[in-house]
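Residue numbers 0 to 304, in numbering that gives the first Met the number 0, belong to the letters of the sequence shown in order.
All C-beta atoms, glycine included, are put in the ideal place defined by N, C-alpha and C.
Taking it in order: structure first as structure tokens, then the write-up.
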Amino acid sequence: MNQTDTPVRSGMVAIVGPPNAGKSTLMNALLGQKISIVTPKPQTTRNRILGVVNDEGYQIVLIDTPGLHKADQPLNREMVRIALESLSEVDAVLFLLDASASLPEKLQAEKDRELSEYMARLQAPAILILNKVDLLDKEKLLPLIEMYARIHPFQAVLPMSALHADGTERLIAEILQILPLGPRYYPDDIPTDATERFLAAEIIREKIFLQIGQEVPYSSAVLIESFKEETEKGMVTIHAAIVVERTSQKGIIIGKGGGTLKRIGTAARRDIEKMMEQKVLLKLWVKVKKNWSQDERFLKELGYF
Ligand SMILES: Nc1nc2c(ncn2[C@@H]2O[C@H](COP(=O)(O)OP(=O)(O)OP(=O)(O)O)[C@@H](O)[C@H]2O)c(=O)[nH]1
Ligand SMILES: [Mg+2]
Numbered sequence: 000m001n002q003t004d005t006p007v008r009s010g011m012v013a014i015v016g017p018p019n020a021g022k023s024t025l026m027n028a029l030l031g032q033k034i035s036i037v038t039p040k041p042q043t044t045r046n047r048i049l050g051v052v053n054d055e056g057y058q059i060v061l062i063d064t065p066g067l068h069k070a071d072q073p074l075n076r077e078m079v080r081i082a083l084e085s086l087s088e089v090d091a092v093l094f095l096l097d098a099s100a101s102l103p104e105k106l107q108a109e110k111d112r113e114l115s116e117y118m119a120r121l122q123a124p125a126i127l128i129l130n131k132v133d134l135l136d137k138e139k140l141l142p143l144i145e146m147y148a149r150i151h152p153f154q155a156v157l158p159m160s161a162l163h164a165d166g167t168e169r170l171i172a173e174i175l176q177i178l179p180l181g182p183r184y185y186p187d188d189i190p191t192d193a194t195e196r197f198l199a200a201e202i203i204r205e206k207i208f209l210q211i212g213q214e215v216p217y218s219s220a221v222l223i224e225s226f227k228e229e230t231e232k233g234m235v236t237i238h239a240a241i242v243v244e245r246t247s248q249k250g251i252i253i254g255k256g257g258g259t260l261k262r263i264g265t266a267a268r269r270d271i272e273k274m275m276e277q278k279v280l281l282k283l284w285v286k287v288k289k290n291w292s293q294d295e296r297f298l299k300e301l302g303y304f
């Protein structure tokens with residue numbers, strides 16, 4: 000019997016919660032490497048992204064998801080649908096909240112109502128993670144734990160700091176209590192099923208979110224138009240279009256004298272080179288596609304629906 004046939008604790012675990020709670024940061028922390036993009040802005044993640052954590056006795060297949068929020072636009076509705084859909088196909092759920100986010104009382108009550116609606120949809124055993132405790136006064140933690148434990152029968156409530164990978168060992172121990180014995184569903188040397196092409200597009204999108212303020216990143220998508228690996232040259236050539244909804248947004252992405260686009264390109268190229276362990280030639284251009292985020296066909300092309 001080789002290692003792949005020996006039963007281990009294994010299964011699928013969804014990471015869900017409101018935008019900006021730190022879901023992608025947690026996924027990367029558990030993987031010990033960066034697969035999902037992370038930015039300080041909410042609604043960064045738009046797809047379900049798989050990350051496989053392997054150890055001698057277990058294989059945890061994580062699914063990072065878009066943030067749960069009130070959505071009224073086609074792209075946003077799709078993001079929430081993707082996140083909720085993941086709940087029905089997993090063995091366990093990590094429900095993540097930013098414990099440091101504090102709102103005025105009335106808004107907090109509204110938010111708690113919204114959260115309890117999402118929590119009511121949890122079918123698999125769930126662990127509540129109160130994230131970003133590095134930003135929180137310790138005495139505020141206990142009331143939070145008690146309040147959320149009343150909303151849903153969580154298997155455990157864990158304070159964590161995903162950013163500092165603080166609390167990951169305890170979290171893994173709790174996950175393993177839930178997962179059944181079974182096979183390894185994925186090869187144990189590949190951390191994700193996402194293609195390098197998809198991950199390259201995500202890296203470019205991350206740099207747009209990091210370089211540009213306000214609304215433009217939400218109106219931006221990245222399409223990889225060609226992706227050529229030239230093994231003999233040890234080099235990858237990538238042509239990608241940054242798609243925006245309006246001409247004014249195109250100007251903002253390009254920036255004065257092309258400066259912003261250049262910064263996006265340089266930062267993205269460095270990260271793609273790290274991922275590919277090869278030299279990368281990255282050619283970016285900006286294209287206007289009016290109201291693409293309302294266009295179901297185009298959303299499909301981007302991997303939604
Ligand atoms: N201080 C602190 N910051 C954190 C922690 N975890 C995540 N962050 C920060 O919170 C921000 C959002 O993190 P993400 O991992 O992108 O959050 P997300 O839940 O995936 O967000 P969406 O994809 O937009 O739903 C980033 O600036 C992270 O660096 C934490 O434990 N402590
Ligand atoms: Mg995310």
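Beta strand (DSSP E) runs contained entirely in the stretch 118 to 189, provided each spans 3 or more residues: Complete beta strand (DSSP E) runs here, min 3: 125 to 130 and 155 to 158.
CB-CB length for A199 against I223, believed under 8 Å: In this structure A199 touches I223 by the C-beta definition: roughly 6 Å separates them, less than 8 Å.
Pairwise C-alpha distance: E231 and E201: 26 Å
Own chain residues within Cβ distance below 6 Å of N1, not counting five before or after: Since pLDDT at N1 reaches only 47, below the 50 mark, its modelled position is unreliable, and the value read off the structure follows with that caveat. Short of 6 Å from the beta carbon of N1, and not among the five residues preceding or following it, lies no beta carbon of its own chain.
Ordered list of alpha helix (DSSP H) runs contained in the stretch 234 to 259, each at least 4 residues: 246 to 253
Close-in-space but distant-in-sequence residues of the same chain around K286 (CB under 6 Å, 5 per side omitted): A240 and V242
Sequence-distant residues of the same chain with beta carbon closer than 7 Å to G254, five excluded per side: Closer than 7 Å at the Cβ level, and outside the excluded window around G254, lie L260.
Candidates Y117, S101 and R183: closest to V132 by CA position: S101
Coil, strand or helix - V287 by DSSP: strand
Neighbourhood of N290 by C-beta distance below 8 Å, restricted to the same chain and skipping five residues each side: E244
Bridge-paired residues (DSSP) for F226: I237
heavy atom of ligand 2 below 7 Å from K206 C-beta: no
S35 Cβ short of 7 Å to ligand 2 heavy atom set: yes
Beta-ladder partner(s) of Q58, from DSSP: DSSP lists S9 and N53 as partners of Q58.
Best match in A108, L96 and Q154 for proximity to Q122 [C-alpha to C-alpha]: Q154
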